[in-house]
Amino acid sequence: MARRTPHNVLFDKLRTPGRRAGFLKTASVCALIAGLLSPLTQQVAAAEPAATRAAAANDYCGGQCSDILPPGQNGNATLAQILLNQAFGTQPDHAEDQLGPYANLATGYSGLTDAKINTFFNDASFGVAADQVASSEKPAGRTDVTIVRDKKTGVPHITGTTRYGTEFGAGYAAAQDRLWLMDLFRHVGRGQLTSFAGGAAANQGLEQQFYRSAPYTEADLQAQIDSAVAQNGARGQQALDDVNAYIAGINAYIDASDSGRYFPGEYVLTGHKDAITNAGTIDHFKVTDLVALASVVGSLFGAGGGGEVGNALSLMAAQSKFGVEEGTRVWESFRERNDPEAVLTVHNGESFPYATKPADAKGEALPDAGSAVQEPLVYDRTGSAASASAEGTSAKAADTVLGSARRGMSNALVVSGKHTASGKPIAVFGPQTGYFAPQLLMLQEIQGPGISARGASFAGLSMYVELGRGQDYAWSATTSGQDIIDSYAVELCQDDYHYLYHGTCTAMEKIEQKNSWTPTVADGTAAGSYTMRVWRTKYGPVEYRATVGGKKVAYTSLRSSYQHEVDSIIGFQMLNDPDYVKGPADFQAAAQHINYTFNWFYADAQHTAYYNSGSNPVRASGVDGEFPVWAQPAYEWRGWNPAGNTADYTPPAQHPNSVDQDYYISWNNKQAKDYAAASWGEGSVHRGNLLDDRVKKLVQAGGVTRASLVKAMADAALADLRAEDVLPDLLKVINSSPVTDSTAAAAVSSLQTWLTAGAKRTETSAGSKTYANTDAVRILDAWWPLLAKAEFEPGLGSDLYTAFTNNLSVDEAPSAGHGPTGSHAGSSFQYGWWSYVDKDIRAVLGEPVQGPLAQRYCGGGSLSACRDALISTLKQAAGLTAAQVYPGDDLCSAGDQWCADSINQRTLGGIKHGTISWQNRPTYQQVVEFTSHR
14 MARRTPHNVL
24 FDKLRTPGRR
34 AGFLKTASVC
44 ALIAGLLSPL
54 TQQVAAAEPA
64 ATRAAAANDY
74 CGGQCSDILP
84 PGQNGNATLA
94 QILLNQAFGT
104 QPDHAEDQLG
114 PYANLATGYS
124 GLTDAKINTF
134 FNDASFGVAA
144 DQVASSEKPA
154 GRTDVTIVRD
164 KKTGVPHITG
174 TTRYGTEFGA
184 GYAAAQDRLW
194 LMDLFRHVGR
204 GQLTSFAGGA
214 AANQGLEQQF
224 YRSAPYTEAD
234 LQAQIDSAVA
244 QNGARGQQAL
254 DDVNAYIAGI
264 NAYIDASDSG
274 RYFPGEYVLT
284 GHKDAITNAG
294 TIDHFKVTDL
304 VALASVVGSL
314 FGAGGGGEVG
324 NALSLMAAQS
334 KFGVEEGTRV
344 WESFRERNDP
354 EAVLTVHNGE
364 SFPYATKPAD
374 AKGEALPDAG
384 SAVQEPLVYD
394 RTGSAASASA
404 EGTSAKAADT
414 VLGSARRGMS
424 NALVVSGKHT
434 ASGKPIAVFG
444 PQTGYFAPQL
454 LMLQEIQGPG
464 ISARGASFAG
474 LSMYVELGRG
484 QDYAWSATTS
494 GQDIIDSYAV
504 ELCQDDYHYL
514 YHGTCTAMEK
524 IEQKNSWTPT
534 VADGTAAGSY
544 TMRVWRTKYG
554 PVEYRATVGG
564 KKVAYTSLRS
574 SYQHEVDSII
584 GFQMLNDPDY
594 VKGPADFQAA
604 AQHINYTFNW
614 FYADAQHTAY
624 YNSGSNPVRA
634 SGVDGEFPVW
644 AQPAYEWRGW
654 NPAGNTADYT
664 PPAQHPNSVD
674 QDYYISWNNK
684 QAKDYAAASW
694 GEGSVHRGNL
704 LDDRVKKLVQ
714 AGGVTRASLV
724 KAMADAALAD
734 LRAEDVLPDL
744 LKVINSSPVT
754 DSTAAAAVSS
764 LQTWLTAGAK
774 RTETSAGSKT
784 YANTDAVRIL
794 DAWWPLLAKA
804 EFEPGLGSDL
814 YTAFTNNLSV
824 DEAPSAGHGP
834 TGSHAGSSFQ
844 YGWWSYVDKD
854 IRAVLGEPVQ
864 GPLAQRYCGG
874 GSLSACRDAL
884 ISTLKQAAGL
894 TAAQVYPGDD
904 LCSAGDQWCA
914 DSINQRTLGG
924 IKHGTISWQN
934 RPTYQQVVEF
944 TSHR
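In the working numbering, the protein residues as written are 14 to 947.
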């Protein structure tokens, strides 16, 4: 399959009018560029002379704070710059200058020292040295704020003398760097992406995914603002004032760039502006736009739970296969709610019970066999929206939302000062948010009254630093995924759109969004339209319909953070306030104000800390959150008020939390003993083990440094979890007798050689684009799904095996497509059957297993039969060619193993970047070791 230009999430190949595929003709490009360079040059010339700025006196990191965020700070490009990039590959300044250092760590980490860290990271010290100032400006002529950008990365350093001016500057800088992206995502949050950016399949899928999760009216968005302000006193009012100033800054940049004609070129390519006459408008931002943006971020990264109907279906399949008692035991063993072998973030033995299995479940409302059907979202399709591929896109988007496997990603490694060379804590942490161009996150430093921080924020929500460092402390987060979503079975009455609420037949609320599109230069998708329609009850939006005991019901989804998308702003405000955060207790108190499901980590010069955030509802006694329950008062959340979707929540002390544990790791693994997550797969083998094994060894040896902790992260980032933690036992079974088949023997030898070499997916040398141990990698990639099926399907039966794979996918290799970003997304090995294979194989070998599966599956429990199944599937895998294992896509030729794994900065605008070698690590990452404390 020949190489082709990669499909964009929002931009396919630029097309000329009339849908002529391909790049614009070079002559046309040059002519357009010539006419557009003048306003661009005027904008650059308007920048003020470089200002001198002394080293910051409020920085306690001593030059030992670093960060990185690929591809680059500059996420805006004029039409001229986009055309140059499309025609010649040239990059705007600071569009990808962080991509190279980020990528190079994969082959450069082995020789890393503290002195070399900033070869692969940025210096994250406060301020800009006088000789490193690239520009300094006072946005919109204001005298109370200055935006300084540094020469190396172009990061904005915003300093204000008033709170309003500081936030105005933050908004202005955000628009300078991410205006187009911010505009896109306010439309995603409202379900209006296709009407704004075009009807490409990826656009349809993205807006459908988020509209199903967070359908809001304009009144809903405003009500959330009013509620957050009213409930938080002075801090609530300050947050609103900050948001208004921030939006004023955004709108000032819109006006300036519009009149100066240096606005992002995507507005021209999508038909919103005219390149010649400048006709058209860029709509000003308003406060409710930020709620829409927040709903996207929260539902993607901070909303654990869901999947109750899917759980019910697999439980029923297990009971059908084995009977109620044994089927339930089999189901529970695969669910691994509280697996004793699971890697933990709080590993001191402390218990934090939440969402545990009740002794006697009450109120369950499992569907009648074969009756459950997904609630449609899309209606009235016309044109290209009515194609089979468009309907397939809708089905995939629905599956992403309706399951419990939330791919939040992110990791953290934090070591107490008791175990470091300096005696000061060290942290290497960051969010794993996928790879986009421009990136969803943006870097900034903000210094003003009540704010002092540097770090990353989601574009359009950067009135505060959301992940980063303060004067003498740093913080970060990983997605936690505890269950804050429940499914209720509402009994229907009168018709399919009325339901019983506390005995009264009540009408469902219909929420609709009608979208239509026509071809543009950016997206040549043929004209089409559809309506997204959600039926909303007091118990949340309808997701499925079914019968229970013959009664017609609708299954709804109630999320505790629904209608509360902006409540977390108070916690972020606190984290940015140097007068508030002075130690671990203050950090934990701030994190308690964040209602999304995250693991929060903290380090200063004296302490480390951890806190798990989220509005965890208090469930009624006997309710099992794994399954749908009846929508009746006895089974509702305690203290639940549907008017504002509020309830009683578990107190902070019941959330996993800790101060000064010897070390903390997190890679979306289990938080603590007895703390159940909503997603499946928290068993004996989890990618968190890759971090825990390495950090534990460092701590046991003592003398941990920033370089050694980065090396541990980078080494884990190249590890194949299946090879490192499961393959040894698979080979033990195969080698329990001599391997006489030549094909199998060769495959075993190849796998053993790779395992001995460290089981990494890494290049032979920097830039070779060829993996070392390439055959072994290919064999394992081909073998894993074959061996899992051969191991489990005979014992489970095809129906139950399929149901369990719907709950938890068998594999998540680097080349797999997953989540909203598709393939080439970096993050891997979060969800898979590695724990099941590990526990079953150890049981067959006769080794001790804590929390074993209910039965032995491989070979029916016979070692020789298990060996035969493994060898048979291994031979089958070895016989598959690279082209069969890696079939190629819009980015890669068939058989190109390295490219299949590679990371692509998925385009959200007109600027494209090259691929980089695979790494499984945070997108934005900090390395911190503070030298002193206030």
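Ideal Cβ placement from N, Cα and C applies to all residues, glycine included. A quick note: this is a predicted structure, and the numbers were derived from the prediction, not measured.
Measuring alpha carbon to alpha carbon, tell me which of the options ends up nearest residue i.
| i | options | result |
| --- | --- | --- |
| residue 296 | 668, 192 and 514 | 192 |
| residue 517 | 681, 838, 259 and 644 | 644 |
| residue 256 | 585, 813 and 906 | 585 |
| residue 731 | 698, 790 and 710 | 790 |
| residue 694 | 618, 748 and 347 | 347 |
| residue 272 | 282, 559, 294 and 260 | 294 |
| residue 367 | 105, 638, 531 and 737 | 638 |
Which same chain residues end up closer than 7 Å to residue i when comparing Cβ atoms and leaving out the 5 residues on each side of it in sequence?
| i | result |
| --- | --- |
| residue 854 | 742, 743, 746 and 871 |
| residue 735 | 793, 797 and 847 |
| residue 940 | 79, 130, 134, 441, 719 and 723 |
Under the assumption that residue i contacts residue j (Cβ atoms under 8 Å), give the Cβ distance between them as a whole number of angstroms.
| i | j | result |
| --- | --- | --- |
| residue 298 | residue 245 | Wrong, their Cβ atoms sit about 22 Å apart, outside the cutoff. |
| residue 371 | residue 541 | Rounded, the Cβ-Cβ distance is 48 Å, inconsistent with contact. |
| residue 127 | residue 718 | 6 Å |
| residue 891 | residue 792 | 5 Å |
| residue 521 | residue 514 | That pair is no contact at about 10 Å. |
| residue 707 | residue 728 | 6 Å |
| residue 750 | residue 869 | Actually they are not in contact, since the Cβ atoms of residue 750 and residue 869 sit about 19 Å apart, beyond 8 Å. |
| residue 527 | residue 548 | Not quite, the Cβ-Cβ distance comes to about 16 Å (not below 8 Å), so this is no contact. |
| residue 432 | residue 715 | 6 Å |
Helix, strand or coil for residue i, going by three-state DSSP, please let me know.
| i | result |
| --- | --- |
| residue 191 | helix |
| residue 395 | strand |
| residue 470 | strand |
| residue 301 | helix |
| residue 950 | Only positions 14 to 947 of the chain appear in this structure, which leaves residue 950 out of reach. |
| residue 366 | strand |
| residue 712 | helix |
| residue 148 | strand |
| residue 844 | coil |
| residue 38 | Only weak support exists for where residue 38 lies, its pLDDT of 32 falling under 50; the value from the coordinates is given anyway. Three-state result, residue 38: coil. |
| residue 928 | coil |
| residue 952 | Since the first and last residues shown for the chain are 14 and 947, residue 952 lies out of range. |
| residue 544 | strand |
| residue 535 | coil |
| residue 959 | Residue 959 is absent from the structure shown; the chain starts at 14 and stops at 947. |
| residue 82 | coil |
| residue 849 | helix |
| residue 915 | coil |
| residue 500 | strand |
| residue 798 | helix |
| residue 805 | helix |
| residue 114 | helix |
Take residue i and list the residues in its own chain whose beta-carbon comes closer than 8 Å to its own, dropping the five residues that flank it on each side.
| i | result |
| --- | --- |
| residue 369 | 350, 351, 687 and 689 |
| residue 177 | 157, 254 and 258 |
| residue 776 | 119, 120, 782, 783, 784, 785, 911 and 930 |
| residue 123 | 724 |
Among residues of its own chain, excluding the 5 on either side of residue i, which ones have a beta-carbon nearer than 6 Å to its beta-carbon?
| i | result |
| --- | --- |
| residue 932 | 119 and 730 |
| residue 31 | Its pLDDT being 32, under 50, residue 31 is placed unreliably in this model, and the coordinates cannot settle the point. |
| residue 863 | 353 and 354 |
Inter-stretch contact (C-beta, 8 Å, three-pair minimum) for the segment 450 to 469 and the segment 577 to 589: The count of Cβ pairs closer than 8 Å, one atom from the segment 450 to 469 and one from the segment 577 to 589, reaches three, so the stretches are in contact.
Inter-stretch contact (C-beta, 8 Å, three-pair minimum) for the segment 177 to 195 and the segment 80 to 92: In short, these stretches touch, since the Cβ pair count reaches three.
Stretch-stretch touch, CB-based, cutoff 8 Å, three pairs: the segment 529 to 548 with the segment 397 to 405: At 8 Å Cβ cutoff, the stretches touch.
Stretch-stretch touch, CB-based, cutoff 8 Å, three pairs: the segment 69 to 77 with the segment 483 to 501: Touching, yes, given that three or more Cβ pairs across the two stretches are closer than 8 Å.
Three or more C-beta pairs below 8 Å linking the segment 277 to 286 and the segment 489 to 502: no
Contact the segment 654 to 674 vs the segment 334 to 342: 3+ CB pairs below 8 Å: Between the segment 654 to 674 and the segment 334 to 342, the count of Cβ pairs shorter than 8 Å is below three; the stretches do not touch.
Given 8 Å, three or more beta-carbon pairs between the segment 226 to 242 and the segment 146 to 160: no
Stretch pair the segment 422 to 430 + the segment 668 to 678: three plus CB contacts closer than 8 Å: yes
Validate contact between the segment 193 to 207 and the segment 96 to 110 using beta carbons, cut 8 Å, 3 pairs: These segments do not touch.
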